[in-house]
Amino acid sequence: MESTVVEPGALLVTLDMVGIFVFAISGGLVAVRKGLDIFGVLVLAWTTGLGGGFLRDVLIGAVPPAALADWRYLMVPVAAGLVTFYFHPALGRMERLVNVFDAAGLGLFCVTGALKALDFGLGPVPAALMGMLTGIGGGVARDLLAGRVPVVLRSEIYATPALVGAAVAVAGESSGLSTFAYAIPAVVLCTGWRLLALRKGWEAPRPAGSAST
Amino acid sequence: MESTVVEPGALLVTLDMVGIFVFAISGGLVAVRKGLDIFGVLVLAWTTGLGGGFLRDVLIGAVPPAALADWRYLMVPVAAGLVTFYFHPALGRMERLVNVFDAAGLGLFCVTGALKALDFGLGPVPAALMGMLTGIGGGVARDLLAGRVPVVLRSEIYATPALVGAAVAVAGESSGLSTFAYAIPAVVLCTGWRLLALRKGWEAPRPAGSAST
Amino acid sequence: MESTVVEPGALLVTLDMVGIFVFAISGGLVAVRKGLDIFGVLVLAWTTGLGGGFLRDVLIGAVPPAALADWRYLMVPVAAGLVTFYFHPALGRMERLVNVFDAAGLGLFCVTGALKALDFGLGPVPAALMGMLTGIGGGVARDLLAGRVPVVLRSEIYATPALVGAAVAVAGESSGLSTFAYAIPAVVLCTGWRLLALRKGWEAPRPAGSAST
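Residue numbers (the UniProt record's numbering), protein chains in the order written: chain U, 1 to 213; chain Z, 1 to 213; chain R, 1 to 213.
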């Protein structure tokens, strides 16, 4: 029997795989921009793709993480890393692409993370928070390893769309609708919001006054 | 029924809340000094306030961490972040304030962390170590995310007061005294020691000779 | 009854202790090079020596980590830190030594990590991955805390020898041979490969073309 990270729907497994893939590509692109070699690209792709899910699984007590025992989960970020390594010149403008893949991963993971947490018996509020952490975790690990300020701390809308996307998924789960009917819109809401914030240059308010040192 | 991070005494819950609040303020102040926006302030406040406890809970197997499921624990760092965001100019000299709040959090967490570890069946030595890790964890997460050298590595007395405060709490627990009688002195000992070391500029010995490169 | 991190063989406990010791020395040497004081040296030694094992134990659900409850495991990195603190000038060329101790720790941990994971019921592939993570974890923690790019991301052969060493250990475990007959060769293979890659300056391929920014 093959284990799966998100039960029960095949839809959720697919969304999770796609999330791992796009996050892993964002990690691989950061590695390429840093001038790392193929192993650095693979390590960053693997960490970015699986880091958020590992963090979630450790916090909800789902250890060992299912991804450790499932060939598919292990190979997806490797494939993403190899694709990035060989085809990155065709990918063109890097920074923008990193952000697009990162936004897609954020949307996918905040939803699958929240639904898996519900599945493990967490209440609605903790489940939504676990969804946000799942979405944020991989990017934080990527940025810490690469020596960048984590994207979640930079001046952009990031944690909020993840929390809202996760909350929509949690609300949908209790609505009795089919998973299709709320998971896809929740992913689109989070990813779309994040991309719109990037494109429009939306900025959150900064502290008034200067920070006296 | 509402879950609580530290059983059984209401005193310990209060100390834990105060620890989360002051650590979260130290995180928010670092974010303000870095010029981050309101979300960055909230994320750093949340991570600093809850990071040490999450680390402890994962290591002792208390997952999902009770703080994830308790509104009070979740809102305390948000409140601290908002306070920091709006009132930081009144807080004046930042670096010194970060250190004072950080020392208070260190003292509170090393005690509540050690007592919770005892509560989960750990022996005295591991419980004291878990107390130290709980005290250190939030500040390390804050500094890593903010791109600073973690305070525990800088040339000051930091880990030792946390370990001693935790050891006093562990010894007190086995003494049969009421929690009041040993928890408060243990907090004061750790925090006072840390503040005194800061004020007096106490420095620990450095390696003799130069580090040949 | 004293708990041990690696059951059942005394050989594995010994290998684990030696791994902790040499990784802790590599952490202490990084601290000395950074000009940290004695507490910084001890903290980095402790984190580097025990970080990989803690990561493994949290992921396989072996919490609280046995190392937390075993005096021997706790004192070994402290002893390594003190040795580094007092005798580092005699240790001579730092960077090269860090790398040698790091390679030895990598080899020891990838094997003991994989065998402990098997012991906890993981399958061969996840166990080999856990071995790799155990080997990599301490060095990543050391480098993140010290503000260096993690060695696993730099342009050298690092993760691959750890994965192969762990895989050899996993294969050996199922061969029915005595632990001696496969654990030692697996350690030597990983450490030797890593040291040879360092000495020969082997480099992995880098992405073709420039990373357009």
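Glycine residues also receive a C-beta, built at the ideal position from the N, C-alpha and C atoms.
Could you please give the first and the last residue of the uninterrupted alpha helix (DSSP H) stretch that includes residue i?
i	result
residue 46 of chain Z	38-60
residue 26 of chain U	10-33
residue 173 of chain U	159-173
residue 216 of chain R	The first residue shown for chain R is 1 and the last is 213, placing residue 216 of chain R beyond what the model contains.
residue 153 of chain Z	Note, residue 153 of chain Z: premise wrong, no alpha helix (DSSP H); not H, not E.
residue 214 of chain U	Because chain U here runs from 1 to 213, residue 214 of chain U falls outside it and cannot be looked at.
residue 192 of chain U	179-200
In chain R, what lies closer than 8 Å to residue i by C-beta?
i	result
residue 129 of chain Z	68 and 74
Let me check understanding here. Comparing Cα to Cα, which of the options lies closest to residue i?
i	options	result
residue 33 of chain U	U:181, U:167 and U:146	U:146
residue 21 of chain U	U:39, U:189 and U:51	U:51
residue 68 of chain U	R:139, R:140, R:138 and R:118	R:118
residue 110 of chain R	R:28, R:55 and R:203	R:55
residue 139 of chain Z	Z:11, Z:47 and Z:112	Z:47
residue 66 of chain U	U:113, U:98, U:45 and U:23	U:113
residue 206 of chain Z	R:31, R:17 and R:18	R:31
residue 76 of chain R	R:19, R:36, R:89 and R:130	R:19
residue 137 of chain U	U:157, U:36 and U:49	U:49
residue 103 of chain Z	Z:14, Z:208, Z:186 and Z:85	Z:186
residue 108 of chain Z	Z:144, Z:151, Z:164 and Z:87	Z:164
residue 10 of chain R	R:196, R:97, R:202 and R:179	R:179
residue 37 of chain R	R:71, R:85, R:105 and R:149	R:85
residue 100 of chain U	U:195, U:141 and U:189	U:195
residue 142 of chain R	R:12, R:41, R:189 and R:170	R:41
residue 23 of chain Z	Z:45, Z:13 and Z:12	Z:45
residue 29 of chain Z	Z:15, Z:82 and Z:12	Z:82
residue 189 of chain R	R:177, R:105, R:208 and R:127	R:105
residue 63 of chain U	R:148, R:173 and R:130	R:130
residue 115 of chain U	U:26, U:184, U:198 and U:191	U:184
residue 208 of chain R	U:149, U:16, U:98 and U:89	U:89
residue 12 of chain U	U:191, U:181 and U:87	U:181
residue 78 of chain U	U:27, U:191 and U:175	U:27
residue 197 of chain Z	Z:61, Z:96 and Z:150	Z:96
residue 157 of chain U	U:202, U:174 and U:177	U:202
residue 149 of chain R	U:35, U:70, U:128 and U:172	U:35
residue 174 of chain R	R:199, R:193 and R:128	R:128
residue 151 of chain Z	Z:61, Z:98 and Z:199	Z:98
residue 70 of chain U	R:126, R:15, R:25 and R:199	R:126
Below 9 Å on C-beta distance, what does residue i contact in chain R?
i	result
residue 203 of chain Z	37
List the residues of chain U that residue i touches, going by C-beta distances under 9 Å, in chain order.
i	result
residue 152 of chain R	39, 40, 43 and 145
Applying a beta-carbon distance threshold of less than 7 Å, which residues of chain Z neighbour residue i?
i	result
residue 149 of chain U	147
residue 126 of chain U	64, 68 and 69
Could you list which residues in chain R have their beta carbon closer than 7 Å to that of residue i, in chain order?
i	result
residue 85 of chain U	207
residue 139 of chain Z	Simply none; closest approach about 12 Å.
residue 123 of chain Z	69
So which residues on chain U does residue i lean against when the C-beta distance must stay under 8 Å?
i	result
residue 58 of chain Z	58 and 59
residue 77 of chain R	Ordered by position in chain U, no residue passes the 8 Å Cβ test against residue 77 of chain R, which lies about 23 Å from the chain.
What in chain Z is Cβ-close to residue i, meaning under 9 Å?
i	result
residue 160 of chain U	39
Name, please, each residue of chain U whose Cβ falls closer than 7 Å to the Cβ of residue i.
i	result
residue 65 of chain Z	59
Could you give the C-beta distance for residue i and residue j, rounded to a whole number, given that I count them as a contact under 8 Å?
i	j	result
residue 159 of chain Z	residue 43 of chain R	6 Å
residue 121 of chain U	residue 162 of chain U	Contact doesn't hold; Cβ gap of about 22 Å is too wide.
residue 80 of chain Z	residue 39 of chain R	The Cβ separation is near 28 Å, so there is no contact.
residue 170 of chain Z	residue 124 of chain Z	5 Å
residue 144 of chain U	residue 144 of chain Z	6 Å
residue 72 of chain U	residue 17 of chain U	7 Å
Taking CB distances under 8 Å as the criterion, tell me whether residue i reaches chain C.
i	result
residue 53 of chain Z	You won't find chain C in this structure, because its protein chains are U, Z and R.
Taking only heavy atoms of the ligand COA into account, decide whether any of them is closer than 7 Å to the Cβ of residue i.
i	result
residue 89 of chain Z	Looking at this structure, you won't find the ligand COA or any other ligand, since it has none at all.
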